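Counted the way our numbering counts, the sequence shown spans residues 164 to 865.
For reference, the structure is listed below as structure tokens.
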Amino acid sequence: MSRTRMTVEAQCESKRPRLDGDVVGRSRPDRQRPKTRLDASRPNAPLPRRPRRLYINDHDLYLGDDEGPALSEGAFVALTGMKRKRCTHTQTEFIEPPQKRARRKWTPSTPMYQRPRHFRLLPYVPDVCLLEIFAYLAPEDLLACTRVCKRFRGLLLTKDLAQSLWSMSLKCVTAAPPLPKDVSEPVWANLLFGDPICYCCGSRALPITLWSMRRRLCRSCAGQQLVGADMKAALPARSSLTALEIIDALPHVYGLASVPLCDKNQFSAFVKDQQRIIEQYRFSEDEYDSDDHLIGPCAEAQHELLRRRKAACTNSEEFDSLCQQWDLRRQRQYEDRQRELQETRRNAIVSRFTALGCEKEIELGYFTCHPDFRASTRPLTEEAWTIMRAKHEPLLASRKAARLESEARRRRDERLHHLEDACIRQWKLLPPPDVPYMPSHRHAAEFETVADALDERDADLDEVVRKAVPEIYATIAEKKAYLSSLLPKGTTEDALERASTAFSTSSAFSQSYFGPEVLAAVYSTSKYRAMPRVEFNVSAREMVLYLLKTACLEECTTRMEMDRLDLRFVCMRCRADRRLDAGTGHDVQGRFALSWRFAVEHLLHTTHSEKTPHMRLVDVDERAYITQHESVANGRVEYHAYGCKHCNAHVGKEMWMTWPQIHEHLLVDHSINAPRVEVDWTVHPRMRSLLAVNTVVLPMDA
164 MSRTRMTVEA QCESKRPRLD GDVVGRSRPD RQRPKTRLDA SRPNAPLPRR
214 PRRLYINDHD LYLGDDEGPA LSEGAFVALT GMKRKRCTHT QTEFIEPPQK
264 RARRKWTPST PMYQRPRHFR LLPYVPDVCL LEIFAYLAPE DLLACTRVCK
314 RFRGLLLTKD LAQSLWSMSL KCVTAAPPLP KDVSEPVWAN LLFGDPICYC
364 CGSRALPITL WSMRRRLCRS CAGQQLVGAD MKAALPARSS LTALEIIDAL
414 PHVYGLASVP LCDKNQFSAF VKDQQRIIEQ YRFSEDEYDS DDHLIGPCAE
464 AQHELLRRRK AACTNSEEFD SLCQQWDLRR QRQYEDRQRE LQETRRNAIV
514 SRFTALGCEK EIELGYFTCH PDFRASTRPL TEEAWTIMRA KHEPLLASRK
564 AARLESEARR RRDERLHHLE DACIRQWKLL PPPDVPYMPS HRHAAEFETV
614 ADALDERDAD LDEVVRKAVP EIYATIAEKK AYLSSLLPKG TTEDALERAS
664 TAFSTSSAFS QSYFGPEVLA AVYSTSKYRA MPRVEFNVSA REMVLYLLKT
714 ACLEECTTRM EMDRLDLRFV CMRCRADRRL DAGTGHDVQG RFALSWRFAV
764 EHLLHTTHSE KTPHMRLVDV DERAYITQHE SVANGRVEYH AYGCKHCNAH
814 VGKEMWMTWP QIHEHLLVDH SINAPRVEVD WTVHPRMRSL LAVNTVVLPM
864 DA
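Here you go:
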């Protein structure tokens, strides 16, 4: 709300009775104010004081109904010098008083002991006490004190103290470079122990210390402040010196490609001194010698200036190398000290976490990569340990749980290998016909007694497997009964061994299994894995019946009889193209010769233009050709897919033999010269589709 200035005199005049012409105003100059009794008693009384100005609010000028008539607009303007402010409310309306702002309870986020201290009591500390304290400080601490306050800076940078206090502090530094004559003690201490700050721009972007020039420069400022022999500044007209000679006579450093560089200002100062010499000898005459060099008084004076400057910088390079070696040793000592502090902190952290039971997680290298343990050099306090424990203990606990789980899994895998060895030893003691399909530890691991023995380290697995053999056979018999229940209704009990009895599983491989061979696919690796679903394959049955009809065989032919016959078929729906023959290793025009098992897979998964199958049985001459090439191809492939039908030599994880090995085994151990399939040797059920018997090309023209 605006306020109006009114004097006490104006208020009094507004309340006077109206005089001539209803004009209210001050008394005329010729009229004198009547004196009061106090004035009459004191004839020499001083004049009344200047009326004091009062500030009246706008609402104080408003006269309500109870206070009398309100002032007119003209009287209000004459009284206040401003127009009346119009009110938007009536007198009867209730105006709420302004609400006071509620106080908020403020709590500082930084504790009192962590707040920065203010040097309020320093002005009251005597200088003698401060100087006594400064006498025991190192150069690094003295440099830090110069940045505390103006009083410290004034004391430490006094000329008298700079030669005593700083000199005594620099002498305490072992193997420090000597003080140059052209530098004061504080400046030299700042160059040796100061912060890595550029002297030109003040940045910390990895400045370079130029010992010969007594300064630090960043790369950008060095490119601007340092010049070489190729600088653009022109030398005087009568100059007998080159830019390279001038740079060699000044403090310089070597930059890229070993080019000497000097300070731009020092180079300009040398050129100015040279110009003064030239002006001094401006009336002298110069001549050229035989080497086309200037000679004369002016040239001699310039060379004398060059010799003086060069003599001043004679030891510049040696001093520069000395300072660089000292700085390198100091950096190595600093790094070693930092490494010791980090190692001390790391050992303290390791001992604390080891007490919590996380020793193995620490050995696995958890602390080597985390910045809380790798980079920090502060001592480990209780507060820091509390924060670090709350941050890292959950992660270490999860890693510990994962490690324990991994160790348990590894121990179980080792026990599974021991179980496999025990199963192999047990299977080798049984007669060949009694060996189940795919003898492996997978059979034994499905039973609860054997699975529980895996978790017990002291359990004898050989004894456990020997006791579980009857239960394994009973389970296999139950699975065979289950497979018989999947056959179509009306089939006999011996239909499970027929060649037309085909099954398929819900596994990723779309392979057909004939008879009990599907048991090899049913067995899982452990008791915790779900067994694949087995279904009767009607399509494969129809294809087998078609092949039996093509070979003029009965429907009751078993799979063992089909394996002994070892028939070969040729698909006439396929084109007689040039194909790679596995026996010869060359391209042969013809069609592949397929075994009865692979012929079923070919008919099921190969799409022809004509849907009706057309298989032809090979004749005797073609069969002899195929047998010869298959023998060569099987010996070349070297699949471990063959087992003996007279012994259990092949029982084991990697004991299945190759084609030459099974022939050698039958000849040496069993004296069989002409072995027959499924009579003397058998094929691994999972390897039937990978053998070379299905990769021999029968030559055909069309």
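Cβ coordinates follow ideal geometry from the N, Cα and C atoms, glycine included.
This one's a predicted model, so the numbers in the text were calculated from it and none came from an experiment.
Taking the beta strand (DSSP E) that residue i belongs to, which residues open and close that run?
{"i": "L380", "result": "378-380"}
{"i": "W844", "result": "844-846"}
{"i": "T668", "result": "665-668"}
{"i": "H809", "result": "Looking at the DSSP string, H809 is not in any beta strand (DSSP E), and its letter there is neither H nor E."}
{"i": "H415", "result": "415-417"}
{"i": "R310", "result": "R310 -> no beta strand (DSSP E), and no H or E assigned at all."}
{"i": "D426", "result": "423-426"}
{"i": "V860", "result": "860-862"}
{"i": "S675", "result": "675-677"}
{"i": "R779", "result": "778-780"}
Taking the alpha helix (DSSP H) that residue i belongs to, which residues open and close that run?
{"i": "T713", "result": "701-713"}
{"i": "A581", "result": "Before going on, a small fix: residue 581 reads as His here, not Ala. Counting along the chain, the alpha helix (DSSP H) containing H581 begins and ends at 545-591."}
{"i": "V733", "result": "Unbroken run through V733 is the beta strand (DSSP E), 731-734; no alpha helix (DSSP H)."}
{"i": "R493", "result": "479-518"}
{"i": "L300", "result": "Here L300 belongs to no alpha helix (DSSP H), and DSSP marks it neither H nor E."}
{"i": "R537", "result": "534-537"}
{"i": "N797", "result": "783-800"}
{"i": "V288", "result": "Counting along the chain, V288 falls outside any alpha helix (DSSP H), and DSSP gives it neither H nor E."}
What does DSSP give as the partner residue(s) for residue i in the beta ladder?
{"i": "D740", "result": "G753"}
{"i": "M820", "result": "Y805"}
{"i": "L398", "result": "DSSP, once it has assigned bridges, lists no residue as partnering L398."}
{"i": "E408", "result": "Beta-bridge pairing links E408 to no other residue."}
{"i": "A698", "result": "The sequence shown places Glu at residue 698, not Ala. Partner(s): S667."}
{"i": "R661", "result": "T721"}
{"i": "S758", "result": "R731"}
{"i": "T372", "result": "R379"}
{"i": "V840", "result": "W844"}
{"i": "L650", "result": "Bridge partners of L650: none, in fact."}
{"i": "L389", "result": "D426"}
Keeping to the same chain, check which residues put their C-beta closer than 7 Å to that of residue i; ignore five residues upstream and five downstream.
{"i": "N857", "result": "F755, L757, S758, F761"}
{"i": "Y287", "result": "none"}
{"i": "D436", "result": "L468"}
{"i": "H771", "result": "R736"}
{"i": "R731", "result": "A756, L757, S758, V781, R786, I789"}
{"i": "M850", "result": "Y802, A804"}
{"i": "E348", "result": "A325, Q326, W329, S330, L333, L342"}
Excluding the 5 residues flanking residue i on each side, which residues of the same chain have their C-beta closer than 6 Å to its C-beta?
{"i": "Y362", "result": "R378, R379"}
{"i": "P340", "result": "L485, C486, W489"}
{"i": "S648", "result": "none"}
{"i": "L413", "result": "C425, Q429"}
{"i": "G117", "result": "The shown model of the chain, from 164 to 865, leaves out residue 117, and the question about it has no answer."}
{"i": "M725", "result": "A662, W759"}
Classify residue i: buried if its beta carbon has 16 or more other beta carbons within 10 angstroms, exposed otherwise.
{"i": "I409", "result": "buried"}
{"i": "Y636", "result": "exposed"}
{"i": "N150", "result": "Any property of residue 150 remains undetermined from this structure, which presents the chain solely from 164 to 865."}
{"i": "E503", "result": "exposed"}
{"i": "Q141", "result": "Because the chain here runs from 164 to 865, residue 141 falls outside it and cannot be looked at."}
{"i": "H580", "result": "exposed"}
{"i": "Y805", "result": "buried"}
{"i": "W269", "result": "exposed"}
{"i": "Y299", "result": "exposed"}
{"i": "C384", "result": "buried"}
{"i": "F520", "result": "Contrary to the premise, residue 520 reads as Gly rather than Phe in this sequence. It is exposed - the Cβ of G520 has fewer than 16 other Cβ atoms within 10 Å."}
{"i": "D782", "result": "exposed"}
{"i": "H533", "result": "exposed"}
{"i": "H749", "result": "exposed"}
{"i": "T199", "result": "Only weak support exists for where T199 lies, its pLDDT of 47 falling under 50; the coordinates are left without a value."}
{"i": "A338", "result": "exposed"}
{"i": "A462", "result": "buried"}
Starting from the C-beta of residue i, find all residues in its chain whose C-beta is less than 8 Å away, skip the five residues before and the five after it, and write them out in chain order.
{"i": "P197", "result": "Low confidence applies here, because P197 scores a pLDDT of 47, under 50, leaving its location unreliable and the question unanswered by this model."}
{"i": "R367", "result": "D358, P359, I360, C361"}
{"i": "V302", "result": "Just to set this straight, residue 302 is Pro in the shown sequence, not Val. If we look at P302 and ignore the five residues flanking it on each side, its Cβ neighbours are W329, S332, L333, V336, A352, L355, F356."}
{"i": "A565", "result": "none"}
So, does the CB of residue i fall closer than 8 Å to a CB anywhere in chain C?
{"i": "E698", "result": "Protein chain content of the structure displayed is limited to a single chain, and chain C is not contained in it."}
* Mind pulling the alpha helix (DSSP H) runs of 4 or more residues that sit fully within the region 318-370? -> 322-334, 348-356
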